[in-house]
Amino acid sequence: MKYSYFPGCSLKGLGRAYEESLLPVMRHLGAEMNELDDWNCCGATAYMSVDEQLACVLAARNLALAEKAGARDLITPCSACYLVLNKTKHYIEDSPAIRAAVERGLGAAGLKCEGTTSVRHPLDVLVNDIGLDVIKEKVVRPLKGLKVAPYYGCQVVRPYATFDDAWNPTTMDRLLTTLGAEVVHYPLKTKCCGASLTGTLPEIGLRLTYILLKEAVRRGADVIATICPLCQFNLDAYHHQIEQRWGPVRIPTVYFTQLMGIAFGLPAKQLALGRSFIPFRMPSAKAGEAVAPRT
Amino acid sequence: MNAGAGTEIRTGFYICHCGQNIAGVVDCPAVAEYVARLPSVVVSRDYKYMCSDPGQELIKQDIREHNLNRIVVASCSPLLHEHTFRHAVEAGGLNPFLFQMVNIREHDSWVHTDHAAATEKAKALAYAAVRRVRFHTALETKRVSVHPDVLVVGGGIAGIHASLTLANAGKKVFLVEREPSIGGHMAKFDKTFPTLDCAACILTPKMSAVGAHENITLWSYSEVVKVEGYVGNYQVTVKRKPRYVNEELCIGCQECIRACVYKEAKFPDEFNVGMGKRKPIYIPFPQAVPQVVVIDPARCLQVKSGKCKQTCVEACADRRAIDFTQREELVQIKVGNIIVTTGFKLFDAKRIPQYGYGVYPNVVTSIELERLVTSSGPTGGELLLRDGRTPQSVAFILCVGSRDYRTNRWCSRTCCMHSMKLAQLVREHTGADVTVFYLDIRAPGKGCEEFYDKSLKDGIQFVRGRVAEVTDWAVTPEEEGKLVIRAEDTLAGLVRRIPVDMIVLAVGMEPQSDAQDLRRLFNMSCGTEGWFLEKHPKLAPVSTFTDGVFIAGCCQGPKDIPDSIAQAGAAAAEAMALIDRGYIEQEPNTAYVVEEDCSGCKSCIPICPYTAITFDEAKAKACINPALCKGCGTCVAACPSGSIRQHLFEDEEIMSEIEGVLSHA
Amino acid sequence: MPDAAFQPRIVAFFCNWCTYTAADLAGVSRFKYAPNVRVVRLMCSGRVDPQFILSAFSQGADGVLIGGCHIGDCHYSEGNLKTLRRFQMLRRLLRGLGIDERRLRLEWISAAEGDKVRVIVNEMTEQLRALGPLGLPGRFEEWDREAGRTEAEAAGSEAREEAAHA
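Just so you know, the protein sequences line up as chains A, B and C, in that order.
When you line the first sequence up against our numbering, it's residues 458 to 752, in that order.
When you line the second sequence up against our numbering, it's residues 73 to 737, in that order.
When you line the third sequence up against our numbering, it's residues 42 to 207, in that order.
Below is the structure:
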């Protein structure tokens, strides 16, 4: 199976561990990931609120490139990219004004966007295309005894609940169970992680992060699994500030692809587990087996 | 008197204003003027209300004075007033079938806004009818006797009341209930709003009366599987499921239950909505009617494997009521009328995952709470949390599954009052703080607004707003270990988080899951929501489109106990009206064969769903039995030689109607 | 370009139990729809003789609508199945006659679907407006004239032949 791949800026920067674990996992499952040539910023940052039309043109360029490359599916691991590219597709379909702007903008570069490429999240592709049966076959070290809080974040199912329920998604739950992990009841799975507020209104942002961490700990989770680079960073990076305010709620947050890699028996080095601030270790792991964080 | 062939056609035409209902859109005098100039029309009038006595008198008088032999009335739908006008025509001395009705209200003035176009349409329809009626001939209605017995399907409060009403009037009733006991939902209730009288106290005597009544044959644990025939003459097949206990011999002593090889009751018990336990042999609840035990085939070792010591049989001793040889049995009965009272099912709260039903043990449904506060319930009436503590705070969420585009759009009508009743009981039992989250409080019944008042005075808090979610994650120390309701308080204009110990979901009512099958069984219609459709929303609320089939109670739509009883009484009265008259008149719209044109091709024979057409070998012609013909006309359309014709829907009549509606520009 | 002023004429055959009742319900509910439809009531859609439809077209109908109970819900168990069969045959026949199939429509409308009557009639009216008038009666006249001319010519040549033989 061949997929076009849109990493976005996160997966090349702060969320590098996501790409570093996603690519070997996909390769291990026999799926080919072809990074989109000459991709650009999806526009997820402040651009959408500054000029929606231009932001759509910017995002649509990526879609146009994918179409030109003949891609049926464009895998977009970052939730923000996933949302913006999907939103752009919807806007182009629904709004003649935006469609005209996009046609004008892309036309100047000799491109066009007809909406033939689907924007897909790797979680969707892994579970619904490749399938849990195939994944199960590849599990050589089941995550026995690992209690995971599945955390989806707000963007991947809202407002476009494309492959799962907007309020109670379960795709990752099923995937984690297939890997042999125990999924804890975590009703906060789509609650805001506070990411967009931590920079501007830290008191509010940190509090939201704190509640997510505290509840995961209270429910006995060993680790939080996420599908979004922004969530991962937010849940991982602010433990110091949170601890100062509310006391320790130490729990690691990893990408679901990292857990897949562990279950597939891929070498820990390949899975970039060392990039987290809060180290993750399999409960039964012998020293050096799964993870060695820096410091 | 009747116009035979060759007689000059003299038509009277009447257009009704129906107050402003028709005249507000259609120019009635203009239509009357137009029709007056048509050939064969002798009289053409417009009148304010044709269905009124003076309106009908007008027709009778004109028939006599102008020697009319055809009548056309343009007014409302024939489904509403065809009867009325046929009567008037007959009273005027004319055969009632020399009449045609034109629907210019439901099909014209009420659905069109362009006055000129509506008037033109009325003219076209009137013209078509005037042309059509020329071909009408005098017909006789056929009288068919009505079988005096009645079938009541469903033994909830509506079915019980309908059965008793009929039985007390001396009619024989078959009451078929699919559960092992009658009683329905009402039997599960503790108290009833707004009077707080005990449900069992008012229901039990009625249930016993059903069981004891000499005119009622009660078939519990049975289902209707087939209905054939027509009003006055239905043949019904009832499936009697094996309960492995002989109803005649069982005296309800329950010795067998005590003797069962299962020493402990370990299977979820239906009556306590799964919160209590029962054995494989059980009696649904203490007041069950019939007072006969039943064996659950899915649980009983003997039924499942044939390998059981059969201690129950031993305990029953020489009564020999337990009978493992029982098999499903089909029984046929004849009845004249059928009353369907099959009730409702409760909305499945799991369909709204946000409310955490099935996830958090202390989120319960209203019917579960009902069982928890009843002294006959699994906790003996003590309201406790699942961990045994007494709740300090309880919240009710109203409209669960109701008034919601995502689930059911309708209001379930009883949940506001039902929840208030439960709220009062909760306060009475535990003294807990009670908060009710509502969208609107609907308290229109007698004594209901007063009951709402009482709830407010009792200190029950009401918060207006649809609850977003029920969770167990805490933001503040007070919330730790509690269930948290997140809701917008639309009156205060803020989003609130309210921690409570227990949450009660006021689940709404839904049509039974097999309502569509039942509808087909009884040849009824369902509304888009799935409730059985009444013949007319105001004037015929318990009749259906199939004569002799009536509906009552919640199978027609959500309603409370008094309304269900009122409908059940009405349905019983409708059935009695037919029984006591003793006959029904059949519309003479049957098909018939013109023998000289029949080629004997037999293509009509397999088409008839009622096997009314046979082949007369001697004559080599098709032959239609008018007693079996229901008048659909399918064979008429299929006959290649045009030798099958249909009274009231003759080819000439329909053709002239087509020509009529088209030739008026 | 369709003529917006053109008022198509639709003859509708509605069964007594479902669709006629649905049309009554549309009335009671005061749903507004195009005044272009004229309803002929039959007990069952199974009574619709193909000749009714052809006759409607030949007498100036621009469209014909048949309304019956949903499959499985026929008041007479299976009359509507016969209708469905005839309908399919008729569409082929119409195609053969050069009449656009969209001019004949079969719809299952239950007694509860008053709004569907509104939707279907409006849709069909718009559709027929786009298709334009069928105008069979006018075309018949034209064909009659043509046939008349041919006959006259044939008769003329026969007469000449006869005269030549005489």
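All C-beta atoms in this analysis are idealised placements derived from N, C-alpha and C, irrespective of residue type, glycine included.
Chain A contact residues for residue i, given Cβ-Cβ distances below 8 Å
| i | result |
| --- | --- |
| D544 of chain B | P644 |
Distance between residue j and residue i (C-alpha atoms, nearest Å)
| i | j | result |
| --- | --- | --- |
| G84 of chain B | T486 of chain B | 52 Å |
| V641 of chain A | W624 of chain A | 17 Å |
| I176 of chain B | T479 of chain B | 38 Å |
| Y539 of chain A | R484 of chain A | 21 Å |
| A193 of chain C | E183 of chain C | 15 Å |
| N543 of chain A | I532 of chain A | 12 Å |
| A737 of chain B | G519 of chain B | Note on A737 of chain B: pLDDT 49, under 50, position unreliable in the model; no value is reported. |
| D512 of chain B | R536 of chain B | 7 Å |
| G346 of chain B | P698 of chain B | 54 Å |
| L497 of chain B | E401 of chain B | 44 Å |
| L600 of chain A | L583 of chain A | 18 Å |
| L511 of chain A | R561 of chain A | 11 Å |
| R201 of chain C | A195 of chain C | 10 Å |
| Y199 of chain B | N595 of chain B | 35 Å |
| E162 of chain B | A210 of chain B | 11 Å |
| R170 of chain C | E722 of chain B | 32 Å |
| H608 of chain B | C598 of chain B | 13 Å |
Under 9 Å by beta carbon: chain A residues contacting residue i
| i | result |
| --- | --- |
| P742 of chain B | Residue 742 of chain B lies beyond the range of chain B shown here (73 to 737); nothing can be said about it. |
| V431 of chain B | H642, P644 |
| V547 of chain B | R664, I668 |
Three-way DSSP call (helix, strand, coil) for residue i in this model
| i | result |
| --- | --- |
| Y106 of chain B | helix |
| I288 of chain B | strand |
| Q128 of chain B | helix |
| E295 of chain B | strand |
| I513 of chain B | coil |
| L555 of chain B | strand |
| H89 of chain B | coil |
| V308 of chain B | strand |
| F763 of chain A | In the structure as shown, chain A begins at 458 and stops at 752. Residue 763 of chain A is therefore absent and cannot be evaluated. |
| F734 of chain A | coil |
| A53 of chain C | strand |
| L418 of chain B | strand |
| T191 of chain C | helix |
| N409 of chain B | strand |
| Q100 of chain C | coil |
| Y119 of chain B | strand |
| I323 of chain B | coil |
Contact set between residue i and chain B, taken where Cβ atoms lie within less than 7 Å
| i | result |
| --- | --- |
| I708 of chain A | Those do not exist, as I708 of chain A stays about 15 Å from chain B at its closest Cβ, beyond 7 Å. |
| A64 of chain C | E178, H179 |
Per-residue contacts from residue i into chain B (C-beta, under 9 Å)
| i | result |
| --- | --- |
| N625 of chain A | P425, Q426 |
| E639 of chain A | What E639 of chain A touches in chain B: nothing, since even the nearest Cβ is about 16 Å away. |
Beta-carbon neighbours of residue i, restricted to chain C and to distances below 9 Å
| i | result |
| --- | --- |
| A189 of chain B | Q48, A75, P76, N77 |
CB-CB length for residue i against residue j, believed under 8 Å
| i | j | result |
| --- | --- | --- |
| L589 of chain A | T657 of chain A | In fact, because the Cβ distance is near 40 Å, the residues do not count as touching under 8 Å. |
| D262 of chain B | T446 of chain B | 4 Å |
| V472 of chain B | L555 of chain B | Not really, about 15 Å apart at Cβ, beyond 8 Å. |
| C90 of chain B | C148 of chain B | 7 Å |
Chain-ordered chain C contacts of residue i [CB-CB under 8 Å]
| i | result |
| --- | --- |
| R592 of chain B | G113, D114 |
| S615 of chain B | Residues of chain C passing the Cβ test: none, with the nearest at roughly 13 Å. |
Neighbouring residues, chain C, relative to residue i (Cβ below 7 Å)
| i | result |
| --- | --- |
| G599 of chain B | A153 |
Within chain B, the residues that residue i reaches when beta carbons sit closer than 8 Å
| i | result |
| --- | --- |
| L147 of chain C | The contacting residues do not exist; L147 of chain C stays about 14 Å from chain B at best. |
CB contact check: residue i to chain E, cutoff 8 Å
| i | result |
| --- | --- |
| E660 of chain A | Looking at the structure shown, chain E is missing, and the protein chains on hand are A, B and C. |
Enumerated in chain order, which unbroken segments of the alpha helix (DSSP H) with a length of 4 residues or greater are wholly contained in the stretch 461-501 of chain A?
-> Entirely contained in the stretch 461-501 of chain A, the alpha helix (DSSP H) runs reaching 4 residues are, in chain order, 473-485.
Could you pull out every unbroken beta strand (DSSP E) segment of at least 3 residues lying fully inside the stretch 171-251 of chain B, listed in chain order?
-> The stretch 171-251 of chain B contains these whole beta strand (DSSP E) runs: 171-175, 214-217, 222-225, 245-248.
What are the uninterrupted segments assigned as alpha helix (DSSP H) that are 4 or more residues long and contained completely in the stretch 558-643 of chain B, given in chain order?
-> If we require 4 residues or more, the alpha helix (DSSP H) runs fully inside the stretch 558-643 of chain B come out as 587-593.
In chain order, which continuous runs of the beta strand (DSSP E) of length 3 or greater are located wholly inside the stretch 662-722 of chain A?
-> Listed in chain order, the beta strand (DSSP E) runs fully inside the stretch 662-722 of chain A are 680-683, 710-712, counting runs of at least 3 residues.
If you scan the stretch 118-183 of chain C from start to end, which runs of the alpha helix (DSSP H) of 4 or more residues do you find wholly inside it?
-> The stretch 118-183 of chain C contains these whole alpha helix (DSSP H) runs: 120-138, 155-172.
Contained beta strand (DSSP E) runs [length at least 3] in the stretch 658-685 of chain B, N- to C-terminal order | Entirely contained in the stretch 658-685 of chain B, the beta strand (DSSP E) runs reaching 3 residues are, in chain order, 663-665.
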